[in-house]
Amino acid sequence: MNQLLLDEGFPHRPRRELAPGAVHIPAWLTLEQQRWLVAQFNEWATGPVPIRAARVRGREMSVQMVCLGWHWQPYRYSRTATDVNGARVLDFPDWMARLGRKAVADAVEHTPSGEAYEPDVALVNYYDDSARMGMHQDKDELSRAPVVSLSIGDTCRFRFGNTESRNRPYTDIDLESGDLFVFGGPSRLAYHGVTKIYPETAPSGCGLAQGRINITIRMTGMDG
Numbered sequence: 002m003n004q005l006l007l008d009e010g011f012p013h014r015p016r017r018e019l020a021p022g023a024v025h026i027p028a029w030l031t032l033e034q035q036r037w038l039v040a041q042f043n044e045w046a047t048g049p050v051p052i053r054a055a056r057v058r059g060r061e062m063s064v065q066m067v068c069l070g071w072h073w074q075p076y077r078y079s080r081t082a083t084d085v086n087g088a089r090v091l092d093f094p095d096w097m098a099r100l101g102r103k104a105v106a107d108a109v110e111h112t113p114s115g116e117a118y119e120p121d122v123a124l125v126n127y128y129d130d131s132a133r134m135g136m137h138q139d140k141d142e143l144s145r146a147p148v149v150s151l152s153i154g155d156t157c158r159f160r161f162g163n164t165e166s167r168n169r170p171y172t173d174i175d176l177e178s179g180d181l182f183v184f185g186g187p188s189r190l191a192y193h194g195v196t197k198i199y200p201e202t203a204p205s206g207c208g209l210a211q212g213r214i215n216i217t218i219r220m221t222g223m224d225g
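Residues 2 to 225 (our numbering) make up the sequence shown, in order.
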């Protein structure tokens with residue numbers, strides 16, 4: 002089944018570059034690939050570190066998260082979930098590293114840059130229809146390699162901003178089930194967030210009846 006993630010038959014619809022280094026490719030994952038990833042998510046969510054809502058500045062996030070490779074808590078990475086149950090998180094799978102490299106290569110139009118991409122962590126978020134993600138930067142990684150983001154399930158309104166502040170200028174786009182979004186280079190530290198989930202918009206056959214799964218693949222640049 003892992004071969005599903007390496008097939009050459011991925012749909013390639015017109016893409017959009019929101020800013021230098023920030024690329025949206027619609028329908029990058031097929032429905033079959035989405036269903037397989039949802040099945041993996043259901044296994045990840047049950048442990049050894051179960052899915053949970055992280056606490057940021059004393060407040061519980063509306064998004065539920067499970068981590069692979071490294072555990073994230075504000076604002077650092079560790080191998081064990083000291084803020085949950087002290088267990089070590091699941092390993093980052095080799096197939097996901099290959100998936101990340103293909104995503105980066107596709108985002109830069111099949112240049113060899115994807116070959117140098119060696120991700121080691123995935124933060125997997127689940128959004129119900131009331132969940133949001135405030136504008137933030139992904140800056141807890143030592144590496145500034147691109148972030149790969151995959152969407153499955155309900156459509157979201159995604160806000161992609163600038164590198165200086167949470168304020169304008171920013172661009173709002175809808176990310177639908179199967180969409181890929183990659184941001185790196187001069188856009189690697191751009192503020193971004195999710196302002197809305199559109200209920201009951203998940204396509205039939207994606208494997209998720211309601212809500213949205215967002216898989217973000219990254220390089221921490223850390224040892225150990």
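Where a beta carbon is used, it is the ideal one built from N, C-alpha and C, also for glycine.
Return the CA-CA distance between residue i and residue j, expressed in angstroms with no decimal places.
i           : j           : result
residue 202 : residue 71  : 31 Å
residue 97  : residue 215 : 14 Å
residue 15  : residue 94  : 30 Å
residue 155 : residue 213 : 5 Å
residue 180 : residue 43  : 20 Å
residue 117 : residue 164 : 24 Å
residue 55  : residue 131 : 16 Å
residue 20  : residue 104 : 17 Å
residue 1   : residue 29  : Since the first and last residues shown for the chain are 2 and 225, residue 1 lies out of range.
residue 262 : residue 185 : Because the chain in this structure spans residues 2 to 225, residue 262 falls outside the shown range and cannot be described.
residue 102 : residue 119 : 7 Å
residue 129 : residue 225 : 34 Å
For residue i, which residues from the same chain have a beta carbon less than 6 Å from its beta carbon, with the 5 sequence-adjacent residues on both sides left out?
i           : result
residue 206 : 32
residue 73  : 124
residue 1   : Nothing about residue 1 can be reported from this structure: the residues present for the chain run from 2 to 225 only.
residue 75  : 57
If I follow the unbroken beta strand (DSSP E) through residue i, where does it start and stop?
i           : result
residue 181 : 181-184
residue 203 : No beta strand (DSSP E) contains residue 203, which DSSP labels as neither H nor E.
residue 125 : 122-128
residue 43  : Element bounds for residue 43: not the beta strand (DSSP E) but the alpha helix (DSSP H), 32-45.
Exposed or buried, which one is residue i when buried takes at least 16 other CB atoms within 10 Å?
i           : result
residue 107 : buried
residue 12  : The predicted model places residue 12 with a pLDDT of 48, which falls under 50 and marks its position as unreliable, so this point remains unresolved.
residue 10  : At residue 10 the pLDDT is 49, less than 50, meaning the model places this residue with poor confidence; the figure from the coordinates comes in the next sentence. Per the 10 Å Cβ criterion, exposed.
residue 208 : buried
residue 188 : buried
residue 217 : buried
Near residue i, which residues of its chain fall below 7 Å by C-beta distance, leaving aside the five closest residues on each side in sequence?
i          : result
residue 81 : 72, 87, 88, 89
Examine the Cβ distances between the stretch 116-125 and the stretch 159-170 and report whether three or more of them are shorter than 8 Å. no
Are the stretch 32-51 and the stretch 141-155 touching, with three or more C-beta to C-beta distances below 8 Å? yes
Would you be able to state if there are at least three C-beta pairs under 8 Å between the stretch 58-67 and the stretch 132-139? yes
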